[in-house]
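Numbering (UniProt numbering), first residue to last: 1 to 85. Ideal Cβ placement from N, Cα and C applies to all residues, glycine included.
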């Protein structure tokens, strides 16, 4: 999910959006602030939204802090280490 060669970009997007709360940011603003091509920024934003880490209304993206906390808790518990054992 976030452990790929592009995970740094997704983490930067999450950080940027957390700083922009509560207003959120448009995809164009995210792209400009992170010096990304517009389509690349939109792809990352859509993936993070599909994962439930972002909410969107109209054209603004915001972090879903509850979902982010749930995912962080799963990682803290080490749930991925128990898979396949």
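When the Cα of residue i is compared with those of the options, which residue comes out closest?
| i | options | result |
| --- | --- | --- |
| residue 61 | 69, 44, 76, 72 | 44 |
| residue 69 | 38, 42, 14 | 14 |
| residue 40 | 7, 77, 65 | 7 |
| residue 22 | 46, 65, 71 | 65 |
Consult DSSP for residue i and reduce its assignment to one of helix, strand or coil.
| i | result |
| --- | --- |
| residue 62 | strand |
| residue 18 | helix |
| residue 34 | coil |
Report back the beta-carbon spacing between residue i and residue j to the nearest angstrom; my notes put them in contact at under 8 Å.
| i | j | result |
| --- | --- | --- |
| residue 10 | residue 63 | Actually they are not in contact, since the Cβ atoms of residue 10 and residue 63 sit about 12 Å apart, beyond 8 Å. |
| residue 42 | residue 32 | About 13 Å; that fails the 8 Å criterion. |
Using a Cβ-Cβ cut-off of 6 Å (strictly less than) and excluding sequence neighbours within five positions of residue i, which residues of its own chain qualify?
| i | result |
| --- | --- |
| residue 57 | none |
Note down, in chain order, each residue of its chain lying with its Cβ closer than 7 Å to the Cβ of residue i, except the 5 sequence neighbours on either side.
| i | result |
| --- | --- |
| residue 24 | 17, 60, 61, 62 |
Does the Cβ of residue i have 16 or more other Cβ atoms within 10 Å, making it buried, or fewer, making it exposed?
| i | result |
| --- | --- |
| residue 74 | exposed |
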